[in-house]
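Trainee:
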Amino acid sequence: GENVEQHPSTLSVQEGDSAVIKCTYSDSASNYFPWYKQELGKRPQLIIDIRSNVGEKKDQRIAVTLNKTAKHFSLHITETQPEDSAVYFCAASTSDYKLSFGAGTTVTVRA
Amino acid sequence: NAGVTQTPKFQVLKTGQSMTLQCAQDMNHNSMYWYRQDPGMGLRLIYYSASEGTTDKGEVPNGYNVSRLNKREFSLRLESAAPSQTSVYFCASGLSGANVLTFGAGSRLTVL
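Going down the list, the protein sequences come from chains A and B. The first sequence begins at 19 in our numbering and counts up one residue at a time. The second sequence begins at 1485 in our numbering and counts up one residue at a time.
(1) Please determine, among B:Tyr1573, B:Gln1569, B:Leu1585, the residue with the shortest C-alpha to C-alpha distance to leucine 1596 of chain B.
(2) How big is the Cα-Cα spacing for leucine 1593 of chain B and tyrosine 1519 of chain B?
(3) Measure the CB-CB distance between valine 22 of chain A and serine 118 of chain A and report whether it falls below 7 Å.
(4) Nearest by alpha-carbon distance to serine 1580 of chain B: which of B:Ser1535, B:Gln1495, B:Ser1591, B:Glu1543 is it?
(5) Does the stretch 27-45 of chain A come into contact with the stretch 93-104 of chain A, if we say contact requires no fewer than three beta-carbon pairs (one atom in each stretch) closer than 8 Å?
(6) Please name the residue or residues paired with histidine 94 of chain A in a DSSP beta bridge.
(7) Which term fits serine 1564 of chain B, buried or exposed, when burial requires 16 or more other beta carbons within 10 angstroms of its beta carbon?
(8) Using a Cβ cut-off of 7 Å, pull out every chain A residue sitting near methionine 1525 of chain B, in sequence order please.
(9) Would serine 111 of chain A and lysine 40 of chain A qualify as a contact pair, given that the criterion is a beta-carbon distance under 7 Å?
(10) By how many angstroms is the C-alpha of lysine 1555 of chain B removed from the C-alpha of valine 1572 of chain B?
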């Protein structure tokens, strides 16, 4: 099955700086790559996703890039704010119903 | 709209006891999922239901059973709980496959 690795496991950034989280996947047939944000004690929520026919997607301060050749994709958060502190999960999907998640990155934004 | 509702929020079981986690969605979604979340391991798919009347195994199905009761409801049953099943369980639903999943609030299960 699909194997998704996520780095780093923890990330501390100064408010206003950028944060980057990287994920690699094993199955070249994967075609859908979502990112979920989970605040402490809350449910995961989708923040952005990208499909394999697109190289980059932006939504305000967040962006995702995909390199199909290298089989990796990244989440970029610019101008970080305290409310960006959370656990972020990447995922990859090879079928319509099976998402494989990374282990998560705990992001802390220091004021 | 309530979205995805799961019960109970917390449960403590003894080894060998059984229980059922309930999940209901009011978004008219076709597919429903059960995941477990363990520290350092992300979310792992236990079972899913692509549509009413169908269920399939995910990544970690051993020790669990599911029932898609109707389009709205998808339950997860532990027949004989084991300490290794101590986890936080999330139900989720999707309109079209696993794209744009909506998660429930989670159920924290402890097996002693």
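No residue lacks a Cβ here, since even glycine has one placed at the ideal position from N, Cα and C.
Mentor: So, from the data block:
(1) B:Gln1569
(2) 13 Å
(3) yes
(4) B:Ser1535
(5) yes
(6) A:Val38, A:Ala81
(7) exposed
(8) Ala121
(9) no
(10) 24 Å
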